[in-house]
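I have placed the structure first, in the form of structure tokens, so that the comments after it can refer back to it.
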Amino acid sequence: MTISSYVRDGLTFDVIDSGPADGDPVVLLHGFPERATCWREVSPILHEAGFRTLAPDQRGYSPGARPRTRLGYGAGTLVEDVVALIDEIGRPVHLAGHDWGSAVGWGVAAKRPDLVRSWTAMSVPHPVPFARSMKGPQRRRSAYMAFFNIPFVPELVAGRDGRMERMMRGSGWNDEDIERFRKEIVDYGALPGGLGWYRALFLAPRVGRVSVPTTMLWSDRDVAIGRTALEGNENSVTGPYEFIELPGVTHWIPTKAPRAAADAILSTIAKADRRE
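Under my numbering, think of the first position of the sequence shown as 335, with each following residue one higher.
Now the structure itself:
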């Protein structure tokens with residue numbers, strides 16, 4: 335049965351469920367400031383390979399799942415949102431995530447390996463090496479997080495040609511990306527909820543090591559995540575692990591390198607199948 339939405343704790347999450355209905359499920363987690371549509375060019379490739387894809391608009395992005403305070407956006411809660419989707423699917427899934435979706439996916443894969451058959455992370459490494467890297471040059475790359483924590487200001491500048499737009503262009507976005515951001519995030523009312531994830535960072539729980547087959551996909555033109563943030567990432571995985579570097583690609587892997595993203599997911603799935 336197709337899942338267009340699901341409910342957790344009174345909140346309703348929208349889902350794009352597509353591909354072969356009888357295919358093994360692949361759950362795709364978007365990052366900031368994007369929605370499930372960021373996987374629009376990745377999903378068809380997975381469908382051609384026989385997989386069903388389920389991409390949710392996560393907490394803060396779905397209109398029916400927008401808590402008003404930052405306390406509603408703790409990472410542990412975000413993890414449980416994904417677990418609830420997998421429970422709705424009714425079977426273990428292959429999992430992939432980009433940016434904040436990657437941060438959440440690490441938590442899901444570590445906490446519930448019984449529900450995750452394989453894990454493909456894009457751009458953002460495991461929280462332990464990432465936190466360690468904040469003592470070095472990564473701290474400068476992540477300075478935008480402080481800006482996002484200022485009440486109301488990011489929402490205000492996103493409503494016109496301001497700082498956030500320049501920031502996103504500097505990260506690799508073009509006019510089409512900016513237009514989609516304004517339509518799918520700003521006009522849709524999803525920006526405050528998306529920023530809530532940053533504003534609840536103090537609620538982040540400890541994330542353990544991941545035992546399922548894992549691939550870490552990172553691009554060398556990523557202005558937000560430097561190479562030093564990946565140092566020691568393999569130590570956070572006890573299962574099969576592969577690191578893939580994409581040359582000449584910006585932070586936005588699912589939209590700027592969809593074939594590479596899909597290939598990484600399929601390769602990780604193949605490793606899991608051989609292991610099983």
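The beta carbon of each residue, even a glycine, is placed where N, CA and C say it ideally should be.
Met468 is bridged by DSSP to nothing; it lacks a bridge partner.
Here the alpha carbons of Trp453 and Met501 stand approximately 29 Å from one another.
By the beta-carbon neighbour count (other beta carbons within 10 angstroms, threshold 16), Ser338 is exposed. One alpha carbon belongs to Ser545, the other to Val416, and they sit about 18 Å apart. Excluding five sequence positions before and after His364, the CB atoms of its chain that fall closer than 6 Å to its own CB belong to Ala370, Cys372, Gly435, given in chain order. Beta-bridge pairing by DSSP links Gly431 to Leu363, Ala455.
Burial state of Gly439 is buried, judged by a 10 Å Cβ sphere holding 16 or more other Cβ atoms.
Residue pairing of Asp509 in beta bridges, as defined by DSSP: absent, with no partner found. Secondary structure in the region 508-588: the beta strand (DSSP E) runs of 3 residues or longer, each lying completely within the stretch, are 548-555, 575-584 in chain order. With fewer than 16 other beta carbons inside 10 angstroms of its own, Val557 counts as exposed. With 16 or more neighbouring CB atoms inside 10 Å of its own CB, Thr411 falls in the buried class. Per the coordinates, the alpha-carbon of Ala355 lies some 29 Å from the alpha-carbon of Tyr522.
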